[in-house]
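Reviewing the structure listed below.
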Amino acid sequence: MKKQLILFLFMLCTAGVFAQQNTRWTEAQANAWYARQPWLVGTNYTPAYAINQLEFWQEETFDLKAIEKELAWAEALGMNTQRVFLHDLLYKQDKEGLFRRMDAFLSLCKIHHIKPLFVLFDSCWDPAPKLGKQNVPRPHTHNSGWLQSPGIAALQNPAEYARLEDYVKGVVGHFKNDKRILGWDIWNEPEHSSRKLFPVEDLSEKAKLDLVLPLLAQSFAWARSASPSQPLTAAIWQDSNWSVRDSLTTCQKLMLDNSDIITFHNYRGGDKFEMRVKWLQQYNRPIICTEYMARNTGSTFEAVLPIAKKYKVGAINWGFVAGKTQTNYPWQSWSGQFTAEPKLWFHDILRPDGTAFDAKETDLIKQLTKEK
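My numbering puts the first residue of the sequence shown at 9, with every later residue one more than the last.
Below is the structure:
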């Protein structure tokens with residue numbers, strides 16, 4: 009524990025200067041890159057056949073035919089990006105195989121005029137990921153099989169960090185000049201703790217953040233050292249006043265100071281979305297919302313998407329085709345209150361056969377993505 013504390017204090021002291029010492033894009037470079045992009049619209053994409061990142065990408069379950077069908081549906085809606093989660097264990101298991109499958113996925117993306125934003129790490133949900141056959145979905149439960157990356161065992165073991173470094177440098181380095189890729193999302197919601205759902209396996213928010221913070225800073229540096237042609241980012245998401253730097257957490261400052269482009273999450277209504285966009289405009293960098301759309305919280309396509317277009321803020325909602333992740337059920341479904349599909353879906357847009365949950369939503373997406 010003493011060694012971890014020393015490592016944390018050292019990395020915390022150096023985190024603030026990473027943006028000065030590395031080759032973070034200038035505002036001009038970031039805005040020039042964004043000027044070449046269309047208005048970015050897409051989803052957080054997991055194929056309907058997969059309960060999590062491992063079932064998506066492992067050789068035994070990777071299904072190009074299913075993926076192509078769903079990407080064609082996304083293209084038909086006018087979408088041009090997808091946020092896609094990787095996992096460190098995939099690289100550990102079979103890095104060359106992972107590269108081949110990523111390349112095949114990217115080839116399909118190119119056919120359908122979609123540029124993915126790849127996510128390297130994630131602090132949400134199950135803290136004990138395991139390779140191989142994945143669990144079946146817990147009935148009527150939101151994201152019951154989603155996996156943290158790295159898992160808690162690796163996060164607590166500094167001896168694993170060299171492997172994580174190799175993963176970041178290896179993946180980013182391999183695809184660093186690939187024009188089919190939009191960018192690299194270093195870590196999804198690093199401050200997140202799932203201890204309420206996994207009281208034995210996960211850590212408290214504070215204990216977890218003590219380990220994640222230095223590793224997050226290192227992960228930015230590892231990715232940057234590969235000299236990618238694509239931008240790096242990590243999204244701020246916790247509720248606070250983002251307009252004032254003194255009100256930001258250490259983690260939020262680290263993410264903002266190291267991101268080439270600014271990303272954020274918003275599961276509130278249109279007024280909150282617009283307020284946060286205005287707060288983030290002070291950084292004079294491109295802005296993309298990489299998570300939104302939870303119908304029963306007021307974060308709907310109707311409320312958010314027109315505002316995103318008004319400000320040319322990229323909009324990537326959570327969920328596309330309802331499937332094994334079951335994110336059409338709300339977060340509260342973990343309490344076991346559901347015995348059937350909710351009347352009002354939480355996330356997701358399409359049913360497994362490609363029909364819309366709400367045709368008014370898909371009509372709006374098509375309309376806004378078609379208009380110049």
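Virtual Cβ for every residue (Gly too), placed ideally from N, Cα, C.
Boundaries of the alpha helix (DSSP H) in which residue i is found, first to last residue
i    : result
K374 : 367 to 378
L399 : One cannot answer for residue 399 here, as it falls past the ends of the chain, which runs 9 to 380.
T258 : 258 to 266
D279 : 278 to 288
V180 : 169 to 182
I160 : 160 to 163
Alpha-carbon spacing of residue i relative to residue j, whole angstroms
i    : j    : result
L313 : L376 : 8 Å
Q29  : P236 : Residue placement at Q29 is flagged as unreliable, the pLDDT there being 40, under the threshold of 50; the coordinate-derived value follows with that caveat. Each residue's Cα considered, the two are about 16 Å apart.
F126 : F346 : 32 Å
N292 : D268 : 11 Å
F64  : W192 : 18 Å
V92  : H355 : 16 Å
R108 : V49  : 26 Å
I189 : F70  : 19 Å
I373 : L106 : 32 Å
L264 : I295 : 11 Å
L205 : E379 : 43 Å
M87  : N196 : 22 Å
N336 : T89  : 21 Å
K103 : E67  : 11 Å
L13  : D371 : In this prediction, L13 scores a pLDDT of 48, lower than 50, which makes its location untrustworthy; the coordinate-derived value is nonetheless stated afterwards. In a straight line, the C-alpha of L13 is about 53 Å away from that of D371.
Y319 : L94  : 30 Å
D254 : V220 : 21 Å
Per-residue burial, residue i [other beta carbons within 10 Å of its own, 16 or more giving buried]
i    : result
R44  : exposed
T271 : buried
A167 : exposed
P207 : exposed
L79  : buried
K216 : buried
Q61  : buried
S201 : buried
P198 : buried
K351 : exposed
V8   : Since the displayed the chain opens at 9 and closes at 380, residue 8 lies outside it and no answer follows.
I194 : buried
Q246 : exposed
A367 : exposed
D96  : buried
Segment limits, beta strand (DSSP E) that includes residue i
i    : result
V49  : 49 to 52
L125 : 123 to 130
N196 : 191 to 196
I295 : 295 to 300
Residue i, DSSP secondary structure in three states
i    : result
I14  : At I14 the pLDDT is 40, less than 50, meaning the model places this residue with poor confidence and gives no usable figure here.
Q101 : helix
Q61  : helix
V321 : coil
Y275 : coil
D71  : coil
E35  : helix
L240 : strand
L116 : helix
R109 : helix
A364 : strand
F309 : helix
Beta carbon of residue i nearer than 8 Å to that of residue j
i    : j    : result
R276 : T305 : yes
C132 : Q156 : yes
I357 : G327 : yes
V180 : A234 : yes
S212 : F129 : no
Y175 : Y300 : no
E76  : L116 : yes
A136 : G159 : yes
Residue-level contact to chain D via CB, residue i, 8 Å cutoff
i    : result
S251 : Protein chain content of the structure displayed is limited to a single chain, and chain D is not contained in it.
Residue i CB to nearest heavy atom of the ligand SAH below 7 Å
i    : result
W353 : The model depicted lacks the ligand SAH and carries no ligand whatsoever.
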